[in-house]
Structures are given as C-alpha cells and as structure tokens.
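This report refers to the structure that appears directly beneath it.
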Amino acid sequence: MPELAGAGMPTFARRACARPGLSAHGYRAHPLHAPGMLWVEKNCYVDVVIELVHAMGGDPLAMGGYCLATDFEGDHWTFFKPPHEELRLLYGLDVQELNVWRPLLDHACEQLAAGRFISTEADAHWLPDTAGTDYRRGHQKTTIILADVDVAARRLGYFHNAAYHELDGEDFAQLFHLDQPADSARLPLYAELIRTDRFVALPAPALAAVAWARLAVHASRRPRGNPVAAWGTRFATELPMLQAAGLSHYHAWAFATTRQVGASAELLAAHLRWLAEADGADGAGCAALEVAAASFLQLSGGAARFVLKGARAVSTGRPLEAGPLFGELAAAWDAGVAAVDAALAAHHASPQLSTSHG
Amino acid sequence: MLPAADTTDLFDATARIRRILVEHGRLAVDAATLDDGADLYQAGMTSHASVTVMLALEGEFDLEFPDQLLSREVFQSIAAIRDAVSSLLVG
Numbered sequence: 001m002p003e004l005a006g007a008g009m010p011t012f013a014r015r016a017c018a019r020p021g022l023s024a025h026g027y028r029a030h031p032l033h034a035p036g037m038l039w040v041e042k043n044c045y046v047d048v049v050i051e052l053v054h055a056m057g058g059d060p061l062a063m064g065g066y067c068l069a070t071d072f073e074g075d076h077w078t079f080f081k082p083p084h085e086e087l088r089l090l091y092g093l094d095v096q097e098l099n100v101w102r103p104l105l106d107h108a109c110e111q112l113a114a115g116r117f118i119s120t121e122a123d124a125h126w127l128p129d130t131a132g133t134d135y136r137r138g139h140q141k142t143t144i145i146l147a148d149v150d151v152a153a154r155r156l157g158y159f160h161n162a163a164y165h166e167l168d169g170e171d172f173a174q175l176f177h178l179d180q181p182a183d184s185a186r187l188p189l190y191a192e193l194i195r196t197d198r199f200v201a202l203p204a205p206a207l208a209a210v211a212w213a214r215l216a217v218h219a220s221r222r223p224r225g226n227p228v229a230a231w232g233t234r235f236a237t238e239l240p241m242l243q244a245a246g247l248s249h250y251h252a253w254a255f256a257t258t259r260q261v262g263a264s265a266e267l268l269a270a271h272l273r274w275l276a277e278a279d280g281a282d283g284a285g286c287a288a289l290e291v292a293a294a295s296f297l298q299l300s301g302g303a304a305r306f307v308l309k310g311a312r313a314v315s316t317g318r319p320l321e322a323g324p325l326f327g328e329l330a331a332a333w334d335a336g337v338a339a340v341d342a343a344l345a346a347h348h349a350s351p352q353l354s355t356s357h358g
Numbered sequence: 359m360l361p362a363a364d365t366t367d368l369f370d371a372t373a374r375i376r377r378i379l380v381e382h383g384r385l386a387v388d389a390a391t392l393d394d395g396a397d398l399y400q401a402g403m404t405s406h407a408s409v410t411v412m413l414a415l416e417g418e419f420d421l422e423f424p425d426q427l428l429s430r431e432v433f434q435s436i437a438a439i440r441d442a443v444s445s446l447l448v449g
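Quick note, the sequences are listed as chains A and B, same order.
Going by my numbering, the first sequence opens with residue 1, and the numbers climb by one from there.
Going by my numbering, the second sequence opens with residue 359, and the numbers climb by one from there.
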C-alpha cells in the first residue's frame, strides 16, 4: 500500500471510523429498506444516503419530495438522488465532491478520523454483499459510503444498498488497488466528502416545515408533460429492439427505466405519507397528500408488475400490448401530481402557516 | 396437473421449484434444503434473480402468471410459489 507518512506529510490514523458503534452484525436497516417495500433497493446512491441519515439518527422519510421532479429522459428515467441542498437543509449534512488527488485510502484515513464520510464509486465485483449478483462474478459500478477503515487489518465498514456491511482481505486490497503496480492510465473514481459536523436531527414538525417548502420547489420543476405516457410511447416502438437484444440487455434497460420509475414513486409515496403524519392529522393539505401517496403507490406497483411482464415478452419473443397498463400508470401520475398541487394549495392557504411564517 | 390434495404431485412440484431455485435463484443457501416457508429474499434472492426464476417457472410448468400474481409476495417462499403454481394448474 502507499506510504502514508512521506517526508513532510502528516501521519494518519491506521484505524479511522467516522461514527463509532456501527457494525454489520445486527445492523437494522431503515424501514424504507424493509422486505415489505415493493422496491427494497431503489438505486445505489439513494440507498446509501437513506442508511447514512438513518445511522446518524435522522429520519430519511423527510426527504423524498425531489422524486416529484423525476422525468423520462428518452433512454432512461431520472437516476434520482436527494439534492445536496436538501441534505443540508433537512439534516445539516454537507456534501461536496472530493478531489481524489492521492490514493483514496489516504483520504479515507484522514477524513473518517475527522468524523466525515466518503461516498465513492466502486466495483461491485469486490463487494461481498453483492453475492447474489456481481461479487466475484461481474463488474458493475456502484456507490458505497466508507465509514470505518482499518488499514492494518485490511478491513472496511461501508454502507451499500440497503444496509451496512464489512469486507476485508483481498476485497479490501482490490477495492483500494493495493499490492498493484502504479497505473497512470487508471483514473480515480468519483467520490464525495460528507461533512457531519453540522448534522442535526430536527423534530418532526421542524422537518415537515422544511419538507413542505422543498415539495413546493420540486413541484415547480416537475415535468411539463406526463413522463409516464412519454415512456409508454417510447416503449411501444422500442420493444422489438429489446426483444432482439435479449434478457441481459433488458435487465440493464429495466434498471434504467422501470426500477427508477417504480422506486421513485414508492419513495415519494412514503415521503408524502410521512409529511401528512408529521404535520399532524388535521394539517391543511394532509388529506390530499394521502390521495397523492395512493396514486404514486399505484404507479409503483404497476411498474413492479411491468418488470416481469416485460421480461416475459423479451424472453419469449411474444408480443406485449402494454398500452392499457401504461395508460393506467400515466393516469396515476396525473392523479398524484394533481393531489400534490391540491395539498400545496391547501397548506399555503392555511392560517397556521400564515401565522408561523409571519 | 396439480390437484392441491394430491401430496405426490405437491411433492413433485416442490422438487421442481427447488431445482429452479438452485439453477436460477442465486441463493446464499442451498435451495434443496431450504424450509418451504423460508423467505427467499432473505436467503439472498435478488429482484434480478426473481425475474429469472419467474421465467423458469413459467417454462417448467407451462403456464403464465396473470397480472395479479406478478407480485413480490408470490415469489417470496417455496410455499408461496407452490400455492400460486397450484392455483393456476388446477384453475
């Protein structure tokens, strides 16, 4: 491994832990990752942020309004991530790109010891928690959050997907490119520094006040048209290509489209229900939030069915008349968006809000 | 056909389901010895693998899961799969 203490360089901790007490053994994931969810895993970035906030003692359900601004982008659905501003306003977390100018492990030793986390792209090939998919089998870019590194023991504690895990030995060495000759052609993976020194676990009403404001922001930047309908139109023309390309290609397509639709809709529904509860049963707009949540859950459930129906069509080559399903899902999107608008209008018109915001 | 009351057929269906899980489920444990009611997702089956399992089941039993059975719960355990397959074969 690279020498950490070169001439004029500070000596960094050989064991650096951003948050003491984290352990893969017995780790309890947030309910957003519970088996009862339609989409237990959403996308790698959202999943690790949910678990990081949860592990810090915050409530990840307070973020999710940004899912309203997801869109169909022609060849994929928005790879949805909580905006950095949202993480700062809701939890006091500060996220900035990490300039990886030296080995990532050196950065980890210094930053984790200072109580900061590092999110980084990584190859799932060396992540043992992906035993059912890519571990020692395939190569897939994913995002993990480094939390606890022990250089001497070659052991890493990290957030990935729906939980907190540990790896060691060869996985550790490969992940950090140890025991390998220097390769100037290998570019560093994208990484972010997550500062926690201003982290705050706000009480639910205070979180809800921020979440309402953020929901209005996201509602103002939502797609102008119906993105689900646009996706359906594209799928109708794209199905023959998908069938020709085969099941492996379909899985990649479905992750980029159907999973992001379904997971973002379910996350949005969970957020809206949380907002209704956090704001109190009599809060203005809460009934409309429930309607919106039900609509987005309908969209999410339909997407979950569509993953399997699409796989069947690709696997068998049989035709798939998806028009009625897409019509149902597009209507759910419209109903959900209309209900969010109604909720925001009722909330802004409420006397309580007028008073509290003076 | 698979009458629900026919224990021989039930045993046969269970064995066929287990074989499919061994081949396509990518479980972290041996599907051949897994309890009928054990949670397959907890046993390591990913959503990716569940798609492959569904396709293999449709091929094995020559059936097509209707929309109402295209849910995570249907593929959650060997028993749940067997119930779904049985309902389709006797229906």
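Using N, Cα and C, we set each Cβ at its ideal position, and we do this for glycine too.
Here the structure is a predicted model, which is why all the values come from computation and not from measurement.
How would you write the range of the beta strand (DSSP E) that residue i sits in, first residue to last?
i                : result
Gln434 (chain B) : Note, Gln434 (chain B): premise wrong, no beta strand (DSSP E); not H, not E.
Asp171 (chain A) : Looking at the DSSP string, Asp171 (chain A) is not in any beta strand (DSSP E); the run it does join, the alpha helix (DSSP H), is Gly169 to Leu175.
Glu192 (chain A) : Ala191 to Arg195
Val149 (chain A) : Lys141 to Asp150
His218 (chain A) : Taken as a continuous stretch (DSSP letters only), His218 (chain A) belongs to no beta strand (DSSP E), being part of the alpha helix (DSSP H) at Ala204 to Ser220.
Give the interface partners of residue i over in chain A, defined as CB-CB distance under 8 Å, in chain order.
i                : result
Arg430 (chain B) : Leu38 and Ala304
When the Cα of residue i is compared with those of the options, which residue comes out closest?
i                : options                                   : result
Pro205 (chain A) : A:Ala131, A:Ala55 and A:Leu61             : A:Leu61
Ile378 (chain B) : B:Gln400, B:Ile436 and B:Ser444           : B:Ile436
Leu421 (chain B) : A:Thr237, A:Arg312 and A:Glu110           : A:Arg312
Thr210 (chain A) : A:Gln140, A:Val100, A:Leu90 and A:Leu239  : According to the sequence displayed, residue 210 (chain A) carries Val and not Thr. Val210 (chain A) has its Cα closest to that of A:Leu90, out of A:Gln140, A:Val100, A:Leu90 and A:Leu239.
Ser295 (chain A) : A:Thr257, A:Gln111 and A:Ala330           : A:Ala330
Tyr135 (chain A) : A:Ile144, A:Phe326, A:Ala124 and A:His271 : A:Ala124
Gly336 (chain A) : A:Glu266, A:Ala278, A:Leu187 and A:Pro35  : A:Glu266
Ala122 (chain A) : A:Ala216, A:Lys141 and A:Pro82            : A:Lys141
Arg222 (chain A) : A:Phe159, A:Leu68 and A:Leu98             : A:Leu68
Going along chain B, which residues have a C-beta under 8 Å from residue i?
i                : result
His251 (chain A) : His406 and Val409
When you compare the CB of residue i with every CB in chain A, is at least one pair closer than 8 Å?
i                : result
Leu413 (chain B) : yes
Asp397 (chain B) : yes
Ala386 (chain B) : yes
Glu418 (chain B) : no
Asp425 (chain B) : yes
Ala362 (chain B) : Note that Ala362 (chain B) has pLDDT 46, beneath the 50 cutoff, so the model's placement of it is unreliable and the number below is only indicative. So, not an interface residue.
Please decide whether residue i counts as near chain B, where near means a Cβ-Cβ distance under 8 Å.
i                : result
Val307 (chain A) : yes
Pro35 (chain A)  : yes
Gly8 (chain A)   : Since pLDDT at Gly8 (chain A) reaches only 44, below the 50 mark, its modelled position is unreliable, and the value read off the structure follows with that caveat. With 8 Å as the cut-off, Gly8 (chain A) does not count as an interface residue toward chain B.
Gly246 (chain A) : no
Leu4 (chain A)   : Residue confidence for Leu4 (chain A) is low, a pLDDT of 44 falling below 50, so the modelled location carries little weight and cannot support an answer.
Phe235 (chain A) : no
Could you pull the start and end residues of the alpha helix (DSSP H) that residue i belongs to?
i                : result
Phe306 (chain A) : Cys286 to Thr316
His54 (chain A)  : Cys44 to Met56
Gln260 (chain A) : Thr258 to Ala278
Val121 (chain A) : Here residue 121 (chain A) is Glu; the residue named in the question, Val, does not match the sequence. Glu121 (chain A) -> not in any alpha helix (DSSP H); beta strand (DSSP E) instead, spanning Phe117 to Asp123.
Phe419 (chain B) : Ser405 to Phe419
Tyr91 (chain A)  : His84 to Tyr91
Ala34 (chain A)  : Unbroken run through Ala34 (chain A): none, as it is neither H nor E.
May I ask you to check if the CB of residue i is nearer than 7 Å to at least one heavy atom of the ligand GDP?
i               : result
Tyr66 (chain A) : Annotation note on the ligand GDP: not contained in the displayed structure, which lists no ligands.
Residues within the segment 123-150 of chain A neighbouring chain B, beta-carbon criterion of under 7 Å = Ala131, Gly132 and Thr133
task = Closer than 8 Å, Cβ to Cβ, to anything on chain A: give me those residues from the segment 370-384 of chain B, in chain order.
result = Arg384
query = Taking a cut of 7 Å between CB atoms, which residues from the segment 207-232 of chain A lie near chain B?
reply = none
query = Which residues, taken in chain order from the segment 310-329 of chain A, show a beta carbon closer than 7 Å to some beta carbon of chain B?
reply = Ala311, Arg312 and Ser315
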